[in-house]
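Accompanying notes for the structure given below.
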Amino acid sequence: MPTIVVASPKGGAGKSTTAVLLGTELARGGVDVTMLDCDPNRSLSLWAERADLPDRISVQSDVGESGIVRTIKAFDADGQVVIVDLEGVASRLVSRAISQADLVLTPMRATTLDATIGARALELIAEEEEALDREIPHAVVFTMTKAIQSKQHKGIEASLRGQGIDVIDPPLMERAAFSGIFAFGGDLHSMPPQGNMDSARANARAFAMEVYKRLTGEV
Amino acid sequence: MTQDDPFGIALNTGKLKSRPKDASPKAEAQSDAVAEKHGFVDRAPRKKRGRKPSPRTGQVHAKVMPEVSKEIAREARMRGVQQGVLIEEAWALYKADKELD
Ligand SMILES: Nc1ncnc2c1ncn2[C@@H]1O[C@H](COP(=O)(O)OP(=O)(O)OP(=O)(O)O)[C@@H](O)[C@H]1O
Ligand SMILES: [Mg+2]
């Protein structure tokens, strides 16, 4: 199954949130999703324990450096999706996961710090492509975006696009529902309403649709 | 599209094709080398060094009142024995008292 690796060595960039929103939206769309929790802080596993898992989603906890390649291989089949959530550090585990990815997503907040540290993931991907002689599709997703985009946001986005980097539109907006999903577990449809749920659902769905298009080669 | 969500995204899972990826030890080594160069290093938790703790199968974990605990600790220290020795002795007395065995 196509494997999506969510990677940025920057802590708190929005990796786990991106992974959960993407996984739950794809599952809602009828896709079987396996989530691999590779973060020793176990964000995804904690989310999974908060409430009943949505249909079509399973979570594998405690996947480490020595088991990552094997584990991805074990779940890699057509018609389904594997989503890998990593710790916000520069580790060999990150690079091994990227080596097995069909798509790497690098979430970043529109801050210079997130962009600078996030860029380390992009450099790593570029060189892995060379070493493994394989194209590794990748894209940046802005997270915690404000309704009115700052100058800084526009500047960082323009710079990335200028370097030929794929930036996913829409970004994931800053929303109470998106942080609430970890407190309540489940998905945007099962959790008690936090803020404007219709907008949150529409945002997550549109984002997931863009990722799906990249997996099927429609973008 | 799911019935309870008329605006849900309709996805064609048939289009989700996995591409071939090299999972050989050689590819892993190549990936590791690139990682090393970019400062993405081994952060797997280290195995504890030194002698392995001896197996404590069937170990008794007695929770007692703080005062009792202090008295047992003091007595054991004084006699230079493990606290477990005192518990063994106490157990022997208990059994004798109840005429167990
Ligand atoms: N779009 C968003 N709207 C509101 N809150 C968000 C959003 N994205 C992330 N957050 C919040 O920001 C914090 C960090 O997000 P998250 O845990 O997803 O980052 P991470 O990259 O996985 O962090 P780590 O590197 O520690 O694994 C969390 O408290 C999360 O709830
Ligand atoms: Mg995380």
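If you're matching them up, the sequences are chains A and B in order.
Position 39 of the first sequence, counting from 1, maps to 39 under the working numbering, and the rest follow consecutively.
So the mapping is simple: the working numbering equals the position in the second sequence, first residue as 1, plus 1000.
Note that the Cβ used here is the ideal one computed from N, Cα and C, for glycine as well.
8 Å Cβ cutoff met for residue i and residue j
i       : j       : result
A:V104  : A:I168  : no
B:A1023 : A:V69   : yes
A:I117  : A:K10   : yes
A:G88   : A:G23   : no
A:S91   : B:R1019 : no
A:M108  : A:V84   : no
A:A204  : A:L188  : yes
A:I237  : A:V33   : Outside the shown range of chain A, which is 1 to 219, sits residue 237 of chain A, and nothing can be said about it.
B:Q1030 : A:A131  : yes
A:D102  : A:P2    : yes
A:A158  : A:A177  : no
B:A1110 : A:L26   : What is shown of chain B runs 1001 to 1101, which leaves residue 1110 of chain B out entirely.
A:V6    : A:T18   : yes
A:L36   : A:V20   : no
B:L1016 : A:V81   : yes
A:T145  : A:A119  : no
A:Q100  : B:K1021 : yes
Residue i: contacting residues in chain B (beta-carbon distance under 7 Å)
i      : result
A:L172 : Near A:L172 there are no residues of chain B at all, since even the closest Cβ is about 16 Å away, more than 7 Å.
A:E123 : H1038
A:P192 : Neighbours of A:P192 on chain B: none; closest Cβ ~17 Å, over 7 Å.
beta-carbon residue i near ligand 2 non-hydrogen atom, thresh 7 Å
i       : result
A:D39   : yes
B:D1022 : no
A:D85   : yes
B:S1069 : no
A:S43   : yes
Chain B contact residues for residue i, given Cβ-Cβ distances below 9 Å
i      : result
A:L22  : Neighbours of A:L22 on chain B: none; closest Cβ ~12 Å, over 9 Å.
A:R120 : H1038, G1039 and F1040
A:P54  : Those within 9 Å of A:P54 in chain B number zero; the least Cβ separation is about 11 Å.
Residues that residue i contacts on chain A, provided the C-beta gap is smaller than 8 Å
i       : result
B:D1032 : R92, S95 and R96
Chain A contact residues for residue i, given Cβ-Cβ distances below 7 Å
i       : result
B:L1093 : Within chain A, no residue comes near B:L1093; the closest Cβ sits about 46 Å away, beyond 7 Å.
Amino acids of chain B, ordered along the chain, whose beta-carbon sits closer than 8 Å to that of residue i
i      : result
A:A131 : Q1030, S1031, A1033 and V1034
A:E127 : V1034, K1037 and H1038
A:L188 : In chain order: nothing, as chain B lies at least about 10 Å away.
A:V81  : L1016
- Just by C-beta distance, which residues in the stretch 88 to 117 of chain A are closer than 9 Å to chain B? V89, A90, S91, R92, L93, V94, S95, R96, I98, S99, Q100, A101 and D102
- Query: For the stretch 204 to 216 of chain A, which residues have a beta carbon sitting closer than 9 Å to at least one beta carbon of chain B?
  - Reply: R205, A206, A208, M209, Y212, L215 and T216
- Item | Contact list for the stretch 57 to 79 of chain A against chain B, Cβ threshold 9 Å | G64, E65, S66, V69, R70, I72, K73, D76, A77, D78 and G79
- Message: Tell me which residues of the stretch 1018 to 1030 of chain B have at least one Cβ-Cβ distance to chain A shorter than 7 Å, keeping chain order.
- Response: S1018, R1019, K1021, D1022, A1023, A1027, E1028 and Q1030
- Item | the stretch 1038 to 1051 of chain B: positions lying closer than 8 Å to chain A by Cβ | H1038, G1039, F1040, V1041, D1042, R1043, A1044 and P1045
- Any residue whose CB is nearer than 5 Å to a heavy atom belonging to ligand 1, listed in chain order: A:G11, A:G12, A:A13, A:G14, A:K15, A:S16, A:T17, A:G88, A:T143, A:M144, A:L172, A:E174, A:R175, A:F178 and A:S179
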